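To keep things clear, I will list the structure first and then write my remarks on it.
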Amino acid sequence: MKKEDVPQDLSSLGKITKEVCYATDHSGKYVTELSRGWDIKITALDTAWEDIEDRIKIAGEKVSNGHASPILYFMERGLMDTGIVAAYTGFRKWQVKRHLKPAVFKKLSDKKLQRYTEIFNVSIEELKSMTVHED
Amino acid sequence: MKIDFKHIQAAHCKTGVTRNLLRYAGVDKMTEPLAFGIGAGLFFVYIPLLKINNGPVIAFRTLPGHIFKRTCRSLGIPVIRKKFSSKEQAESFLEECLEKGQPVGCQVGVYYLSYFPKEYRFHFNAHNLVVYGKEPDNYLISDPIMENPTLLTPYELARVRFARGALAPRGQLYYPEKEAPITDDRMKKAIRSGIDKNVRNMLHIPTYMVGVKGIKYTGNKIKKWRDKLGLKKAGLYLAQMVRMQEEIGTGGGGFRYIYGAFLQEAYSYHPNDQLLEISNMFTRSGDSWREAAVQAAGIYKGRIGEQQDFNIMGDYLLEISEMEKQAFQALSKIKWHSS
């Protein structure tokens, strides 16, 4: 890539910091050049986020329909899978999977719920009612 | 307390931390491309069964941790590295280092990294930064991918140092011990051994998912993604590949440009014209990776999506595989003048 071809399409990262790219100057020598972003990877990231939004929406519907506990919703919202949730809460993966069932979730003690509220950054009430606040 | 540590921005977090810590330790000639090349950083692996963010793992560089370790070892610099079972221990050891005037590298997760934009905060636990001081309420942070130094509160730093999940950092910190300046002779040997190691990693690891064979394998797989996964999922997989290839930290072209820069710098230690020619080959390979990314974007944006478009996509990788095979074969045949 030539230095003058380093793309400068403003990305969400570009608003905070430019990125270092390696490119060649007119004599073919490598130099560094700062980039504000590249359209191609902005849309790659957008594509990933559209998929996440879809997953959150589906999870929310499942909870509303009584097919899953609110943990599923917050898990998708937190970009987590059961493995990551287990690692942060200290529960076993099979326990997390059980807690995804509404009937099991309803019987969880506040103490256990607290382990979830900490990683999701919500209160117990918010967890139960699937209320979202922006962090 | 604030250590006189020079924050220099880098393309990649790990090589940036390595270079900045080594410079602090007195290795003035260390640059990011040298750290990358001596650390044998260039790689390719595709692991369809291991999923990150619901897509397959496609990596363009070696495992996190390897670059720093290898670069220091090749230069004969002892490394201090520690993991911790508790946040308290991790913090008190960090404070001890800072008090001694020692900046330290820390492995962290980006999910809770407060100064990153939200869009980039995935559960990725192999990010690296340097802590170089403490104010009453904040630690002074030099994150190589940021233009300027930043701050984290003790709570925020502990949280990212103890991120959980795959590659959990467990508070890991590391730093090179202070050393006498590295001689040109030592640097020459380290460069040579870094290149040898990278040749082995890209050409001779006997599995089909790794190195130049891995690129070819992935190219052939991509041609089948449309039928096998459906357009939407195939698009997501391609977007994931492009992100691994171009996202913060690669310097562009899936690290191929940094490697090209490394070979040019290697030339100033080993004046062999072939190194410059092979550097050009990596520049072309990086360019092809970026052209492939443009093709991929056409697919995940939904602008194109016929089988023929996937064939073109796959063919890019087959071509790149061949280009990099030739480049590494040429590197393996270089006649090094005795040093």
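Residue numbers (the numbering used here), protein chains in the order written: chain A, 30 to 164; chain B, 28 to 366. In this text, a Cβ means the ideal position worked out from N, Cα and C, and glycines have one as well. Treat the numbers as computed from the prediction; the structure is a model and nothing was measured.
Report the three-state DSSP secondary structure of residue i (helix, strand or coil).
i	result
A62/B	helix
V151/A	coil
Y138/B	coil
T277/B	coil
L371/B	Absent from the model: residue 371/B. The displayed extent of chain B is 28 to 366, so no value can be given.
G82/B	strand
P91/B	coil
V54/B	coil
S366/B	Residue placement at S366/B is flagged as unreliable, the pLDDT there being 49, under the threshold of 50; a coordinate-derived value is accordingly withheld.
L367/B	This structure does not reach residue 367/B, given that chain B is present from 28 up to 366, and the question cannot be answered.
A207/B	coil
A261/B	helix
E174/B	coil
Could you tell me the boundaries of the beta strand (DSSP E) in which residue i lies?
i	result
S169/B	166-169
A52/A	48-53
L178/B	177-179
K109/B	106-109
Y59/A	59-64
Y202/B	200-203
Spell out the partners DSSP gives residue i in its beta bridges.
i	result
G160/B	K29/B, L167/B
V72/B	A86/B, V237/B
Q272/B	Q272/B is not bridged to any residue.
G132/B	V157/B, Y201/B
K31/A	T53/A
So, does the CB of residue i fall closer than 8 Å to a CB anywhere in chain C?
i	result
L39/A	Of the protein chains in this structure, namely A and B, none is chain C.
Need the endpoints of the alpha helix (DSSP H) that residue i sits in, please.
i	result
L222/B	Contrary to the premise, residue 222/B reads as Ile rather than Leu in this sequence. Residues 211-230.
P131/A	131-135
N307/B	300-327
S41/A	Per DSSP, S41/A belongs to no alpha helix (DSSP H) and is neither H nor E.
Q356/B	334-359
R84/A	68-93
T160/A	From DSSP, T160/A is part of no alpha helix (DSSP H); its letter is neither H nor E.
E122/B	114-126
K296/B	A small fix is needed here, since residue 296/B is Tyr in this sequence, not Lys. Element bounds for Y296/B: 283-296.
M104/A	99-106
K126/A	122-128
A116/A	111-118
Q.
Would the segment 286-293 of chain B count as touching the segment 54-62 of chain B if we require 3 or more Cβ pairs under 8 Å?
A. yes
Q | Near-chain B residues of the segment 98-115 of chain A (beta-carbon distance less than 7 Å), N- to C-terminal order | A | L108, M109, G112, I113
Q: Please confirm if the segment 328-345 of chain B is in contact with the segment 239-252 of chain B, defined as three or more CB-CB distances below 8 Å between the two stretches.
A: yes
Q: Residues of the segment 59-77 of chain A with a CB closer than 9 Å to any CB of chain B: list them in chain order, please.
A: Y59, V60, T61, L63, S64, W67, D68, I69, K70, T72, A73, L74, D75, T76, A77
**Q.** Validate contact between the segment 221-240 of chain B and the segment 307-326 of chain B using beta carbons, cut 8 Å, 3 pairs
**A.** A contact is defined here as three or more CB-CB pairs under 8 Å, and the segment 221-240 of chain B fails this definition with respect to the segment 307-326 of chain B.
**Q.** Contact the segment 29-38 of chain B vs the segment 195-206 of chain B: 3+ CB pairs below 8 Å
**A.** Touching, no, given that fewer than three Cβ pairs across the two stretches are closer than 8 Å.
Q) Should the segment 98-107 of chain B be called in touch with the segment 63-70 of chain B, which here means at least 3 C-beta pairs below 8 Å? A) yes
Q.
Quick test of the definition: if touching needs 3 or more C-beta pairs under 8 Å, does the segment 151-166 of chain B touch the segment 32-40 of chain A?
A. A contact is defined here as three or more CB-CB pairs under 8 Å, and the segment 151-166 of chain B fails this definition with respect to the segment 32-40 of chain A.
Q. Which of the residues in the segment 139-162 of chain B, read from start to end, lie with their CB under 9 Å from any CB of chain A?
A. Y142, F143, P144, K145, E146, Y147, R148, F149, H150
Q. Can you list, in chain order, the residues of the segment 308-326 of chain B whose Cβ is nearer than 9 Å to any Cβ on chain A?
A. T310, G313, D314, R317, A320, V321, A323, A324: these are the residues of the segment 308-326 of chain B whose beta carbon lies less than 9 Å from some beta carbon of chain A, given in chain order.
Q) Counting pairs of Cβ atoms below 8 Å between the segment 169-187 of chain B and the segment 42-52 of chain A, do you hit three or more? A) yes
Q) Mind listing which residues of the segment 130-159 of chain A have their C-beta closer than 7 Å to chain B's C-betas, in chain order? A) none
(Q) Three or more C-beta pairs under 8 Å: does that hold for the segment 311-330 of chain B against the segment 251-266 of chain B? (A) yes
(Q) Check whether the segment 58-76 of chain A and the segment 108-117 of chain B are in contact - that is, three or more C-beta pairs closer than 8 Å. (A) no
Q. Which residues, in chain order, does the segment 79-92 of chain A contribute to contact with chain B at a C-beta distance below 7 Å?
A. D80
Q. At a cut of 8 Å, does the segment 232-242 of chain B reach the segment 140-156 of chain B through at least three beta carbon pairs?
A. no
Q) Can you find at least 3 beta carbon pairs, one from the segment 123-132 of chain B and one from the segment 151-163 of chain A, that sit closer than 8 Å? A) no
**Q.** Meets three-Cβ-pair contact criterion under 8 Å: the segment 85-95 of chain A and the segment 116-124 of chain A
**A.** no
Q.
Any contact between the segment 356-366 of chain B and the segment 261-271 of chain B? By contact I mean 3 or more CB pairs, one from each, below 8 Å.
A. no
Q: Report the residues of the segment 269-287 of chain B with a CB closer than 7 Å to any CB of chain A, ordered along the chain.
A: V269, R270, E273, E274, I275, G278, G279, G280, Y284, I285, G287
Q: With 7 Å as the limit, tell me which residues of the segment 327-344 of chain B have their beta carbon closer than that to any beta carbon of chain A; keep them in chain order.
A: Y327, K328
Q) Is the segment 132-146 of chain A close to the segment 42-55 of chain B, with three or more CB pairs under 8 Å? A) The segment 132-146 of chain A makes no contact with the segment 42-55 of chain B: fewer than 3 CB pairs, one atom from each, lie closer than 8 Å.
(Q) Closer than 8 Å between beta carbons: that is the criterion. Which residues of the segment 161-180 of chain B meet it against chain A? (A) I172, M173, E174, N175
Q: Taking a Cβ distance cut-off of 9 Å, strictly less, list which residues of the segment 44-55 of chain A are near chain B, in chain order.
A: Near chain B, meaning a CB-to-CB distance below 9 Å, the residues of the segment 44-55 of chain A are K44, I45, T46, K47, E48, V49, C50, Y51, A52, T53.
(Q) Under 7 Å, CB to CB, which of the residues in the segment 62-74 of chain B have a partner in chain A? (A) none
Q) Touching or not, the segment 90-106 of chain A and the segment 62-71 of chain A, by the rule of three or more beta carbon pairs under 8 Å? A) Counting C-beta pairs closer than 8 Å gives fewer than three between the segment 90-106 of chain A and the segment 62-71 of chain A, which falls short of the contact rule.
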